Structures are given as structure tokens and as C-alpha cells.
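Heads up: the structure comes next, in C-alpha cells.
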Amino acid sequence: MTAAIQRLILSALFVISMDGWAATASYLDASLSSDKRVELLMNQMTLDEKIGQMCQFVGEASDIDFDSKDTKSDYTLALGDRAGLIKEGKIGSFLKVSTYQEANILQSLAEESRLKIPLLIATDAIHGHGMYMGPTTIYATQIGLAASFEPELAELMAEYTAHEMRATGFQWAYSPNIEVVRDSRWGRIGETFGEDPYLVTEMGNAMVRGYQGKDFSSSTNVLASAKHFVGGGIAYNGVNGAPADVSERTLHEIFFPPFVGSIDNGVYTIMPAHNEINGIPAHAHEEYLTDLIRDEWGFEGFYVSDWMDIQRLESAHRIVDSEREADKVAVLAGMDVHMQGPGFFDNVKDLVKNGEIPVSRIDHAVSKILYSKFQLGLFENRYTDKQTVEATLLKESHLELALKTAQKSMVLLKNNGVLPLQQDIGRILITGPNADHQALLGEWARVQPHNNVITVLEGIKEQYAQGTKIDHVAIARHDVISSAELSRVGRLAKRADVVIAVMGENSLRFDKNKTSAENVDRPTLNLIGNQIELLQKIKASGAKLVVVLVNGGPIASEWLTENADAIVEAWEPGMYGGQAIAETLVGKINPGGKLPITVPRSVGHLQSFYNHKPSAFHRGGFYLSSRKPLYYFGYGLSYTTFDYSNLSMPETMSTSDSLSLSVDIKNTGDMDGDEVVMIYINDKVSTVTTPVRKLVAFKRVHLKRGEKQTLSFTIANKDFALLDRRMNSVIEPGEFEIIIGDRLKVATINAQN
Ligand code: GLC
Numbered sequence: 000m001t002a003a004i005q006r007l008i009l010s011a012l013f014v015i016s017m018d019g020w021a022a023t024a025s026y027l028d029a030s031l032s033s034d035k036r037v038e039l040l041m042n043q044m045t046l047d048e049k050i051g052q053m054c055q056f057v058g059e060a061s062d063i064d065f066d067s068k069d070t071k072s073d074y075t076l077a078l079g080d081r082a083g084l085i086k087e088g089k090i091g092s093f094l095k096v097s098t099y100q101e102a103n104i105l106q107s108l109a110e111e112s113r114l115k116i117p118l119l120i121a122t123d124a125i126h127g128h129g130m131y132m133g134p135t136t137i138y139a140t141q142i143g144l145a146a147s148f149e150p151e152l153a154e155l156m157a158e159y160t161a162h163e164m165r166a167t168g169f170q171w172a173y174s175p176n177i178e179v180v181r182d183s184r185w186g187r188i189g190e191t192f193g194e195d196p197y198l199v200t201e202m203g204n205a206m207v208r209g210y211q212g213k214d215f216s217s218s219t220n221v222l223a224s225a226k227h228f229v230g231g232g233i234a235y236n237g238v239n240g241a242p243a244d245v246s247e248r249t250l251h252e253i254f255f256p257p258f259v260g261s262i263d264n265g266v267y268t269i270m271p272a273h274n275e276i277n278g279i280p281a282h283a284h285e286e287y288l289t290d291l292i293r294d295e296w297g298f299e300g301f302y303v304s305d306w307m308d309i310q311r312l313e314s315a316h317r318i319v320d321s322e323r324e325a326d327k328v329a330v331l332a333g334m335d336v337h338m339q340g341p342g343f344f345d346n347v348k349d350l351v352k353n354g355e356i357p358v359s360r361i362d363h364a365v366s367k368i369l370y371s372k373f374q375l376g377l378f379e380n381r382y383t384d385k386q387t388v389e390a391t392l393l394k395e396s397h398l399e400l401a402l403k404t405a406q407k408s409m410v411l412l413k414n415n416g417v418l419p420l421q422q423d424i425g426r427i428l429i430t431g432p433n434a435d436h437q438a439l440l441g442e443w444a445r446v447q448p449h450n451n452v453i454t455v456l457e458g459i460k461e462q463y464a465q466g467t468k469i470d471h472v473a474i475a476r477h478d479v480i481s482s483a484e485l486s487r488v489g490r491l492a493k494r495a496d497v498v499i500a501v502m503g504e505n506s507l508r509f510d511k512n513k514t515s516a517e518n519v520d521r522p523t524l525n526l527i528g529n530q531i532e533l534l535q536k537i538k539a540s541g542a543k544l545v546v547v548l549v550n551g552g553p554i555a556s557e558w559l560t561e562n563a564d565a566i567v568e569a570w571e572p573g574m575y576g577g578q579a580i581a582e583t584l585v586g587k588i589n590p591g592g593k594l595p596i597t598v599p600r601s602v603g604h605l606q607s608f609y610n611h612k613p614s615a616f617h618r619g620g621f622y623l624s625s626r627k628p629l630y631y632f633g634y635g636l637s638y639t640t641f642d643y644s645n646l647s648m649p650e651t652m653s654t655s656d657s658l659s660l661s662v663d664i665k666n667t668g669d670m671d672g673d674e675v676v677m678i679y680i681n682d683k684v685s686t687v688t689t690p691v692r693k694l695v696a697f698k699r700v701h702l703k704r705g706e707k708q709t710l711s712f713t714i715a716n717k718d719f720a721l722l723d724r725r726m727n728s729v730i731e732p733g734e735f736e737i738i739i740g741d742r743l744k745v746a747t748i749n750a751q752n
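Residues 0 to 752 in numbering that gives the first Met the number 0 are what the sequence shown spells out, letter by letter.
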């Protein structure tokens, strides 16, 4: 072969290799935009590799001692087929991974694949990185954050949680749960923000911003996941995953707004609900997933199915007769990532080969998934290390916030003057199933090291000087309090001046005795088991009875409301909940939380929510029972008092304007405190029925004793709108009541065209 031909071949090879290298290298070029990198990478991908990105598996493997050496081979062995699938580029993400070592090993297996596409590692980091197998910061659960009425707290919690996640090699939080709750029997209320669409929207938006930052491009951002779309909070009987049968009007007015808000705040993943909505399973709902959410609301990200919910289109909903059909219906409806397991890959490949799923649908899904991996910087930084883990988990600023979320979530429901407890209170008895229990942590959290959690018993001891007589009777279970325990409490209560009874539920995820949480819904809203019997014993002793409730969903007990001397609703306050509760009881902090969910009189009074329609009770009420709830949404007492005055706003407005108003609030008591100022609207006459009042603005303020502030609010024009008979959003001229708080101040404004 002549030298010239050799040169020609070599230069051709050089060009091809350069092109190849240039093409191969360019998606790895971090100076390019993520969109460009997606385009370049997808041009290189086979159909197998594309479908692989849509597949999610669990990282669970046999127990491995990750402190021993050479864990990669142990874990890789324990992964079985999953290891090979990763190396073939046939898995795009994982969930149920427990340690940073596992995350690193999974990423290293992905780096052995042809295109070295990193994995997304997802977890249910709802109120802290709680599913991680190691001590992490555990904050108050969502329902308590909602009670704080401080979205800033939720945003910071999400930001710090994202930081702990990335430090351990996780990049995707299955959170926030932005379902609106209308049936308090649902076991998952602790992970929601309650019953009001506006409050849920504001809190959900804040968490999306906290997790994702501006565009999830920082090394401490993660993907958020707005969930579950939609209607789990109104499913039949409050049963998780049961059908939701709800009008389009109520969906648009009550259940959709939090998702619109999350999308407006850039949420990049959405998880559909287990349940069907009016006959169509959420996971197969093309009219919602594609036509409404993507095309109308502008959702730019991708969907991840909920656990086995694509398979359940066959096994539970029975809208198809095979898993292959289930995969087809879900992917065509808009589903992008399959949680979890085998079968999906082969089915989708076969469906594409047969032309039943267009490649364009696969390309659309994969482009979104890859975009997130480029944005998160995963191609450049997919590993973590022990130093990063140790430097980030349980950071001082995280721990301080954990305490603050607990303190701010406390709601004082009743106080006949026994609180705050004085230092010279005399003898204290502490008892109840939650007095010394990690149920404080709530759902989606592993049990934490004993020293990392402050229980109520420990918190109270901290607040009292040595020498104060503090008795404790441990109650082993939440549901069955033994006669021995009852009689011991009865005896010790007789010599106590005050009894602190810490009652309620247990939603600890891995606790076999949990009484509520996912798939553990509540047939009663009362204190479960014979907890009331314990309280009656105490009441009969003559001691003052201070009841603290630790729970996710509301607890409805008329006896409790009538007989306790004080009731503090503490929700699930997290790792420092015991300290926050003790500080509340002794007056170190003045409780300023408000109910984010109505407390019905009983389970028989459901559905019970504040923003009901005018005719909800216009014809009497219940036999021998008041129709009023025990406590309305927005209720909460304080150790001080506040006075509202000087509500200033125009008498008329145009239907195209927003409304600006101001109101003075003064702390008229003798203790500093927080107040949540809430503004509601009531459309007095409307062509379709509208709620008796609707929350449209709120602000939590801190006022020193005697201090007065003027607060200003702007109520958006859209808040005056309703959906007319044709479901068009309109603002009708007429009178609107502007209601401050619980009718503390009411003014009427006339909206004119
Ligand atoms: C569960 C929950 C969902 C969670 C998922 C993964 O079924 O419904 O909220 O994110 O599984 O753990």
C-alpha cells in the first residue's frame, strides 16, 4: 500500500475517530448547555439504552457490613441481575438505597456502561433524609410545618434536606406531598399540609424551591416530586389508594391548585396517585397527565409512577388484562419512569418494535430524564465520600432548624390557666404512650440513635431544677394500656399536682405497632385503644390534666376537649420534639401555631372542613350532637392576647384589580408571642355556590408584649374568581366580605366591572 493511500486512510480514520471522539466527548463537555448535551447524547443511544433510562429498580440487597473491606464485590453480588442491567445501561434510577456506600457502588457500575450515564438515586426525604440508614436531621412533619404557617421554614427544611441527600449520593426527593385532605381517616395526613388549597400550595411551592433551588444546577440541589396527582385525600373512607370520586369543579377549585403552584415553581417530577379519579386510574389518565398538566399547565419535567402502580392497572384497577398492556397504557398516557422492577423494559421494547408506542414518546421521556442528570451535574460529580457525609449530616444549622420547626408547629387548643407550668408546680407525673417514644419523628423516618432524639420526658426533666419531683409511668403500647399500667398511673396521679399525659398515634414507618401512616388508615378519629381510660383515671385523681397530642391526623375526642385542663397539639415534631413540647408547657416558648386541618367532633361528622358551601348545614345538624367541629381550621390559642384594629381598604374595587389592605395588630397581653394573621374572602352572592370563606393570604408575626404592627396584604385578582357554570374562570361584580381571622374583623367591598 502506497504511503499516500496509508496517509489517506490514517487521516480518514483520524477524522472518524475525531468525529467519534468529538461526538462522544461533546455530551461530556460540561461547558455546553444541558439541552445541547441531551441532544448529543441521545444521538448516540440505542433503543435499549433509551428505555433503560425509564427503568427504576430498588437498591435493597442483603445486609452488608459497609465498614468491612471490598464491599463492592459483596454488594454487586447481592444485587444479582441488577448489576448486569446497570452495566448494560438498562437501569436509569434507583430507590430504596440505604447508604452512601451503596450509592457509590451503583454509580460505579453505571460508569462501566458504554455511555457512562449516571443514575438518579431517589428517596422519600419528606421532612429530613429520614429513610437513610444512618443518623440524619429529622424535622417536624409536614402537618406541623403547615401549622406553623411559615413557608420559609418549609423551604429551608427542604434546602437542608437536599444538602444531606446530595452529601450521601442521593439526588431525587419524592416530596412534597401536596395532596389536599378532606377525609381525616387517611393514615397519611402527617405528610400533608392539611385541608386548605392556598396553605397547601404555599407550603408545597416553598418546598419545591428549597429542594430544587432555581434550576437544580447546584451540587446541593435535588429534584423534587409533587405528589400524588390526585385525590388521595378524598379517597373512599380515607383508605389509601381507594377510588376518588370527585367533581371536576371540586378538583379544579380544591385539589389542582397545589400542583399548578408546584409547576409554576419549576417542580421537575410529578408522581401520580395510586387511586383512580372518577373511573380513570391516575397512572393511565392521559387527559390529565398530558393534555392538562403538560399541555395546559406547562409541566416541563417527567413523571415517575408510584410503587407498582403501573402493574396495578391490571391487578387492582383491572382496566387492562396484562402487564404489557398496562405498560403501554401508562407510557402512552405520559408516564416516563417506572417504579420499579423487571418486565417493563422488555414490554416497552416490544411495544416500540411493534409500533404500538412511537419512538418519539420514548425520546420525549428520555430527554427529560437526561436533562435532569446534566442539570444536577451528575456526569461530572456522581460520587461522594465519608468526609462529605460526616461534614454535612446533622450540621448545627440543620439541628437548629429541626428544633425551630417543632417549636413553631405547636398549637395550643385548650388552656384553663394551668399553662404555662410554673417552676414551683410541685410534683409532676409524666405518662402516656408518647411520653418517651420516637413516634415524635413521624412517618418516613427510621428510628434515630437514642441520643439524637429528645423525648418529652427528657425535655421536661431539662426544664426543671434538680429536686423537682418528676414521676414517670411508661406506657408500652398505643392501643392497649394494661390494667397494671392504669392502676400505677391512678396511684401516682393521686400524689401529683399536675399530670402531663403524652398521647396520640405512632406512625413510625418500621414499627410493627404503628397506628397510622401509609396503608394504616384510621377507623376512628378518637384516641385509639383505651387511651381515654388512662386520662379518665388521671382526671379522677384530682390532679391537673395536661394532655399533649403526638399525631399526624386530627384527634377528635369530646371527652378530651371537655375534661382536660390543657391540650397541646404537637403533631409529629421531629427529633427535638420533646424539647419544643417542654418549652411550650413551661412557657419558654409561646405557642403560635394554628390548625391546618379541622378537628371534627367525631369520625361520624366527616366530611368536616372550614371552606364548606353555604348549604352544608342549613337544615339542622346531627342527632344529639352539635354540627360544629371541635376546632376549626385556623384555630390556635396563645399565652398572650392580640387585638386587631384599623382595617383599611377601599370600599369598591374593579373586577380587574387586586386588593390592597392593611390592618393593625397589637399584643395586648403580658407575654411576647406570635400571631398568624389570616385573610379570607366570602363571595356573598354568586351564580354558582362558593365557600363560606376561603383563605387567600396569611402572615405570621412576632410581637413583643405591648407591641403594635401594621400589616399590609395584597390579595390577587385571581382570588376573587370563581368557575362559572361552564367552568370558565370569571370574577362576578358584587359584594365580597373580607374576613380577618375568625371574623375578628369583617369588611365588605364592592367589585364592579
Ligand atoms: C409509596 C408512596 C409514595 C412513595 C413511594 C416510594 O407507595 O405512595 O409516596 O414515594 O411508595 O417509597
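Heads up, the beta-carbon is just placed ideally off N, CA and C, and yes, glycines get one too.
Please read all numbers here as calculations on a predicted model, not as lab measurements.
Verify the contact flag: residue i, CB atom, against every heavy atom of the ligand GLC, threshold strictly below 6 Å.
i       : result
Trp-443 : no
Trp-570 : no
Trp-171 : no
Asp-305 : yes
Asp-123 : yes
Over what stretch of residues does the alpha helix (DSSP H) that includes residue i continue unbroken?
i       : result
Leu-658 : Run containing Leu-658: none in the alpha helix (DSSP H); it sits in the beta strand (DSSP E), 658 to 666.
Leu-105 : 99 to 110
Tyr-74  : 70 to 78
His-397 : 395 to 408
Phe-148 : Taken as a continuous stretch (DSSP letters only), Phe-148 belongs to no alpha helix (DSSP H), as it is neither H nor E.
Glu-674 : Careful: Glu-674 lies outside any alpha helix (DSSP H), inside the beta strand (DSSP E) at 672 to 682.
Lys-707 : Not the alpha helix (DSSP H): Lys-707 falls in the beta strand (DSSP E), residues 707 to 714.
Leu-350 : 343 to 352
Gln-52  : 46 to 52
Between the options, which lies nearest to residue i when the distance is taken from Cα to Cα?
i       : options                               : result
Phe-192 : Ala-153, Leu-533, Glu-557 and Leu-646 : Ala-153
Leu-485 : Asn-451, Glu-442, Gln-535 and Lys-460 : Gln-535
Gly-83  : Ser-685, Glu-111 and Leu-710          : Glu-111
Glu-87  : Asp-69, Ala-77 and Gln-106            : Gln-106
Lys-385 : Ala-157, Arg-490 and Ala-166          : Ala-166
Asn-512 : Asn-433, Thr-387 and Gly-577          : Asn-433
Ala-315 : Tyr-575, Leu-440 and Ala-241          : Ala-241
Gln-406 : Lys-665, Gly-489 and Phe-148          : Phe-148
Using a 10 Å radius around the Cβ and a threshold of 16 neighbouring Cβ atoms, would you call residue i buried or exposed?
i       : result
Val-684 : exposed
Val-330 : buried
Lys-703 : exposed
Asn-42  : exposed
Ala-750 : buried
Glu-299 : exposed
Leu-660 : buried
Gly-740 : buried
Ala-21  : Confidence in Ala-21 is poor, its pLDDT being 44 and thus under 50, which makes the residue's placement unreliable; the coordinate value appears in the next sentence. The residue is exposed, with fewer than 16 neighbouring Cβ atoms inside 10 Å.
Asp-682 : buried
Asn-380 : exposed
Thr-747 : exposed
Asn-752 : exposed
Terminal residues of the continuous beta strand (DSSP E) containing residue i?
i       : result
Ala-243 : Premise fails: Ala-243 is in no beta strand (DSSP E) and is neither H nor E.
Phe-735 : 733 to 739
Asn-645 : 641 to 647
Ser-653 : 651 to 653
Let me check you understand the geometry: is the CB of residue i closer than 6 Å to at least one non-hydrogen atom of the ligand NAD?
i       : result
Glu-275 : Questions concerning the ligand NAD fall outside what the structure shown contains, since the ligands it does hold are the ligand GLC.
Worksheet item: Residue ranges of each alpha helix (DSSP H) run of no fewer than 4 residues wholly in the region 543 to 627, ordered along the chain?
Response: 557 to 562 and 576 to 585
Practice prompt. Go through the region 497 to 536 residue by residue and report every complete run of the beta strand (DSSP E) that reaches 3 residues or more, in order.
Written response: 497 to 503
Worksheet item: Which parts of the region 417 to 455 are runs of the beta strand (DSSP E), unbroken and 3 residues or longer, counting only runs that do not cross its ends?
Response: Segments of the beta strand (DSSP E) lying fully in the region 417 to 455: 427 to 431.
Practice prompt. Go through the region 194 to 281 residue by residue and report every complete run of the alpha helix (DSSP H) that reaches 4 residues or more, in order.
Written response: 196 to 211 and 256 to 263
Worksheet item: In chain order, which alpha helix (DSSP H) runs of at least 4 residues are fully inside the region 294 to 329?
Response: For the region 294 to 329, whole alpha helix (DSSP H) runs of length 4 or above, ordered along the chain, are 311 to 314.
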